[in-house]
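Number of protein chains: 2
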Amino acid sequence: MVNETQHTCSASSSSRSDGGSSSGSESSKENSRCSTPVLDTDRHERLREKMRRRQDAGDKWFSLEFFPPRTANAAVNLISRFDRMGAGGPLFIDVTWHPAGDPGSDKETSSMIIANTAVNYCGLETILHMTCCNQTKDDITGHLQKAKRLGLKNIMALRGDPAGEEWEEEVDGFNYAVDLVKHIRNEFDDYFDICVAGYPKGHPEAESYEADLRHLKEKVFAGADFVITQLFFRPETFLKFMKDCQAIGITCPIIPGIFPIQGYHSLRQLVKLSKLEVPQEIKDVIEPIKDNDAAIRNYGVELAVSMCRELLDSGMVHGLHFYTLNREVATTEVLKRLGIWKEDPRRPLPWAVSAHPKRRVEDVRPIFWASRPKSYIYRTQEWDDFPNGRWGNSSSPAFGELKDYYLFYLKSKSPREELLKMWGEELTGEESVFEVFTCYITGEPNRNGYKVTCMPWNDDPLATETNLLKDQLEKVNRRGILTINSQPNINGKPSTDPIVGWGPSGGYVFQKAYLEFFTSSEIVTALLKVLKKYELRVNYHIVNVKGQNITNAPDLQPNAVTWGIFPGREIIQPTVVDPVSFLSWKDEAFALWIEQWAKLYEEESPSRMIIQYIHDNYYLVNLVDNDFPLENCLWQVVEDTFELLN
Amino acid sequence: MVNETQHTCSASSSSRSDGGSSSGSESSKENSRCSTPVLDTDRHERLREKMRRRQDAGDKWFSLEFFPPRTANAAVNLISRFDRMGAGGPLFIDVTWHPAGDPGSDKETSSMIIANTAVNYCGLETILHMTCCNQTKDDITGHLQKAKRLGLKNIMALRGDPAGEEWEEEVDGFNYAVDLVKHIRNEFDDYFDICVAGYPKGHPEAESYEADLRHLKEKVFAGADFVITQLFFRPETFLKFMKDCQAIGITCPIIPGIFPIQGYHSLRQLVKLSKLEVPQEIKDVIEPIKDNDAAIRNYGVELAVSMCRELLDSGMVHGLHFYTLNREVATTEVLKRLGIWKEDPRRPLPWAVSAHPKRRVEDVRPIFWASRPKSYIYRTQEWDDFPNGRWGNSSSPAFGELKDYYLFYLKSKSPREELLKMWGEELTGEESVFEVFTCYITGEPNRNGYKVTCMPWNDDPLATETNLLKDQLEKVNRRGILTINSQPNINGKPSTDPIVGWGPSGGYVFQKAYLEFFTSSEIVTALLKVLKKYELRVNYHIVNVKGQNITNAPDLQPNAVTWGIFPGREIIQPTVVDPVSFLSWKDEAFALWIEQWAKLYEEESPSRMIIQYIHDNYYLVNLVDNDFPLENCLWQVVEDTFELLN
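Protein sequence lines correspond, in order, to chains Y and Z.
Here the first sequence is numbered in the numbering used here, starting from 75 and rising by one per residue.
Here the second sequence is numbered in the numbering used here, starting from 75 and rising by one per residue.
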């Protein structure tokens, strides 16, 4: 909304008695006996309900605006920014719409695909902008249908820039944002939450400030649920605007758009586009320091913080919308200083939840994708139902094949050169592979002085929880038990535990110890002998790339390895070791050796052949210690295996 | 089979290559990913599979034969005998078919209804006998369809007695048991397991022993799955018969019918009916003691034990079938002395499972019916699906109304006079009701010297588990907190725990503390004040007969109060406190005051009016302490309530 000019000009009036904000009761009735214990109310609410609930609770919130990137690489970076900034707890993010950039297409850089990624893969409540100017009804309906199909539930309805200089109203066309609002309500009833733009200083093209207010009222009365404003430089500008809105009967939430000044040039460009005037007192500060980026950013942060404080203190403002310009530092700092950046260590579930409405009830997943949730979501995107309550036979729909390792949201954040530094420009044998695994676990630099911060199976540094097992993991990786997933046993820790807790407070969480690794057939032979001693206690699955499969799991039943007991609820068992989906995971886990690692090297090169050898000959093993109240015996199993080998 | 004469005469031969015993593989494939964790393999196996599995495991087993009673009262007694003898672990029971007694009708004493009760309400694997002589195809198909609908899965196919003296074969009619076997296989494919009768001495009407063996072979080759024999007096009789069967190619299981002699007259009558001859060595012992019932029974037990031992020691016999004559003592003693009466304190689930095939996956129930499982089964008999995994919204089908408090399988075992002695010939006020509750808890005799061994809400003495709470319960009942259901909290006891354990070994069971009681509105007022202090910890539902309902349960969600963690399985949560079904239970719980208690007294009598007053004015309360790892706080809640009242 910042990097494009929006217009809401005079439009034929519309009569709609209520802002459509009292519906949604049907969906909550429907959920009153839903089959999932609704750990996280958020997952069942629409954006306007969340907004109302936060306001009623006196909870201050924020939201973040991004624009689609220009290149696929920039898209990878933007997605990891979504993940990082998502951790601060925005109520929603929004993605702008660029008519020139083919915004509704399937390109990695389109508004549609970026918004889709934010909802589905990053689990963020997302508003997709959409403009209507110069577009046919069919185009627009097509975009909206696609958005709905992808799981998007919120639209920011805008007019957008007319294409030519000499713009004229089209009869029955989409001339103003209000036409788009009406169209959405006509065609999609109450499905979408609709946001519209407000102009605290009046839209530059409007006849007058008052006329512009009336246009806003039309948009709201046509069915918009809330308003986000254009940026402004003084808090009193917004507060006056808000009062004026209320005076003419606009009662829906109006969210101030905050623009922390981040640099001289970006400010100038913005001012040009939005036709706003920078107040003299700001110019006076900025002009003398215009070549000092850091100084300007510091000033911008100060200014934003003090303006936000004033807004919040007025009692009229409950949420703040930030124009991030796709940058992290300034906005994050403002939010932290305001105390509304809330990195909540507690999680609704142990894994990252998707925000697609059809995944609303999902509360069980196989443990295998714990470090690759986006891949899991991708491979199950065609499912119509998601398991909830228990894994059971809801898993019958097949997993999609994973061939697109280079989809931007599945791709490693690190470029090839960095990966080579971490994983070795040249491998000399299986041992050099063991070393890479060991360095990843310990966090120590490798022999060339580089830290190994990601692995083909895990694009992030070791989880805090896995850190609990660090010493043990280091020891076994050194000897060729190449771990890719593990969790300690937990016997009833409070659900608020900062490391292993999840779910609402007042509950208790439990885990069975889990260990998953690649290893040689020689070690597997010894391991199988050792496992005989642990037959009743340890469940195992051992499989190679060809699918040869050894297991003692009863009747292919899933084994719940993480569960939680909460007040007044049924039991949640969000993670299982499932023998059937393990075989789908196996394909992916083995393929990652080749796709992510071997392919870094020249064909026929010794390094590539080492990885290829491991891929062809190693086994993927998972072990569960069922006796969660006792000390984890899996280390002893591995110890016994090494002993047997000596 | 003992108290009627069966005949298997020569029949036209039939060619059927296999005994139908290799099917059922489809159903086990179907179950390989069933949605319930299959705690109890038994529930998913057909009888012939159970038999084979027990035989393969070298496990000796027994089964019990009963005949339908003559009166409704005798039916009530027989059902409680099923419950008691079911505790010893029979592989199955069977119910004989009396053509003269309208065996396929809906009468309380019909074979069909008794077998139905055994399967559905007592959870016993059951074989229903069926004879075909003098019946039309339609009659028989009708009986079989009804049996199938009621959940019966096994038929003992018999000829039965011809009606007149001058019996003649009907063309295309059912002349022999083999015709019935063929008919069942034609009309019902492999649905039923079929048993047929074998005669170790040859059938009395058969041309010869050899001819009779050939008839048996025909029955087996026509599709019978196993054979139960007529009684015999010497082990060698059976062992020879078995070898002769095998010699002509009968390879299915052949189960010896054991008849412990229980009295002189019953023996004589039996011998007359079955046309068997009692060996001289037995006559020699019995004749001199014929008027001494105890002596004869002792001898019968001795004789049966030694014969059974010889059979089992032969290695050819894996199971023993007992002709109980509907009596308990002798058979139970034989079984105990043989060491195959196995009162397994462990339960597959904390509640009594029904054996109807459509309830195979059922593994969650509301706690309210814990002491009235037959009523729960009755009220949910029309459900097509049963909740499994979690209660969730599978509970949406409505509960049937309970108006038939006098259905024999829902009726109290005690007659009116006994109930009056226990609950008071004359009540003098609410306090005399408190006293009845208190005596039931303590096991002490009431003021008239009678022990209170049952209550309207519980037809059995206090459960062992409830005994853990005895002192506390006594204290609160004395003061008018009239408890009808409770469980202590359990924080991870082994699943093999003799008191609170359930499910397969190697697991851990958990419980949240639960307390359910009737109490006056005065106490409820105080209780509600006290509960405010426990708001986050204790969930409550408080309701009166008019349905006024006070609760703090979130969104009408069920609260799991019993769960178990087992090796290699998902979590089982077999008991929930469910706000929705509580309202159905409420109707039943309040009605029991009137139906079982008030109606013992004359209309308008003071005693009846006291019960009526309680019914009209008291509240039904349930409390759950969610904090299962801490000490149960519900006693403190009650304590605080009394304190507030003082």
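Ideal placement from N, C-alpha and C gives every residue a C-beta, glycine not left out.
In this text, all values refer to a predicted model and were calculated from it rather than measured experimentally.
If only uninterrupted alpha helix (DSSP H) runs of at least 4 residues are considered, those enclosed by the stretch 241-271 of chain Y are 251-262.
When the Cα atoms are used, Z/F716 and Z/L556 turn out to be separated by approximately 14 angstroms. A direct Cα-Cα distance of roughly 57 angstroms separates Z/S595 from Y/R453. Per the C-alpha coordinates, the member of Z/R682, Z/F442, Z/P143 and Z/Y195 positioned closest to Z/S185 is Z/P143. The Cβ atoms of Y/V359 and Y/L341 do not sit closer than 9 angstroms to each other. In this structure, the beta-carbon distance from Y/L630 to Y/V604 does not fall below 9 angstroms. DSSP, read as helix, strand or coil, puts Y/A231 in strand.
Contact annotation: in the stretch 433-459 of chain Y, no residue has its CB less than 7 angstroms from a CB in chain Z. By the Cβ neighbour-count rule, Z/P440 is buried, with 16 or more other Cβ atoms within 10 Å of its own.
Under the DSSP assignment, Y/M204 falls in the beta strand (DSSP E) whose first and last residues are T200 to T205. Under the criterion of beta carbons closer than 8 angstroms, Y/G160 and Y/T205 do not qualify as touching, at roughly 26 angstroms. Here DSSP, grouped into helix, strand and coil, assigns Y/S488 to coil. Z/H395 has its alpha-carbon roughly 15 angstroms from the corresponding atom of Z/L377. Annotation: Z/I328 to Z/V301 spans about 5 angstroms, alpha carbon to alpha carbon. The beta carbon of Y/S486 sits closer than 6 angstroms to the beta carbons of D533 from its chain, once the five residues preceding and following it are set aside; these are given in chain order. Annotation: Y/I414 is outside any alpha helix (DSSP H) and is labelled neither H nor E by DSSP. Annotation for Y/R117: R434 place their beta carbon closer than 6 angstroms to its own, counting only its chain and skipping 5 residues before and after.
Neighbours of Y/V650 across chain Z, judged by C-beta separation under 7 angstroms: E644. By the CB criterion at 9 angstroms, Z/L718 and Z/A600 fall inside the cutoff. With the criterion set as a beta carbon lying under 9 angstroms from some beta carbon of chain Z, the members of the stretch 618-643 of chain Y are N626, A627, P628, D629, L630, Q631, P632, N633, A634, W637, I639, F640, P641, G642 and R643, in sequence order. At a cut-off of 9 angstroms between beta carbons, Z/Y582 contacts chain Y. Assignment of Z/S560 by DSSP, reduced to helix, strand and coil, places it in the strand class. Looking at the DSSP output, Z/I329 shares a beta bridge with Z/I302. What Y/G577 touches in chain Z, judged by beta-carbon distance under 9 angstroms, is nothing: the nearest beta carbon there is about 13 angstroms away. Chain order gives the chain Z residues near Y/W465 as E644, where near means a beta carbon separation below 8 angstroms.
Apart from the 5 residues on each side of it in sequence, Y/E417 sits with its Cβ closer than 8 angstroms to the Cβ of A161, G162 and G163 in its chain, given in chain order.
Three or more beta-carbon pairs drawn from the stretch 213-228 of chain Y and the stretch 196-204 of chain Y are found closer than 8 angstroms, and the two stretches are therefore classed as touching. When Y/L138, Y/D701 and Y/N700 are compared, the shortest CA-CA separation from Y/W415 is found for Y/L138. Minimum Cα-Cα distance from Y/I324 among the listed residues Y/E504, Y/E281, Y/V270 and Y/I332 corresponds to Y/V270. Burial is judged here by how many other beta carbons sit within 10 angstroms of a residue's own beta carbon; Z/Q561 has at least 16 and is buried. Taking Z/K134 as reference, the option from Z/E662, Z/M390, Z/A404 and Z/L484 with the minimal CA-CA separation is Z/M390.
DSSP, read as helix, strand or coil, puts Y/G175 in helix.
One Cα belongs to Y/N260, the other to Y/Q209, and the distance between them is close to 17 angstroms. For Z/Q647, the nearest CB of chain Y lies under 9 angstroms from its own CB, placing it at the interface with that chain. Rounded to the nearest whole angstrom, the CA to CA distance from Z/L165 to Z/I332 is 15 angstroms. Spatial neighbours of Z/R308 in its own chain (CB-CB distance under 8 angstroms, excluding positions within 5 residues in sequence) are listed in chain order as P353 and M381.
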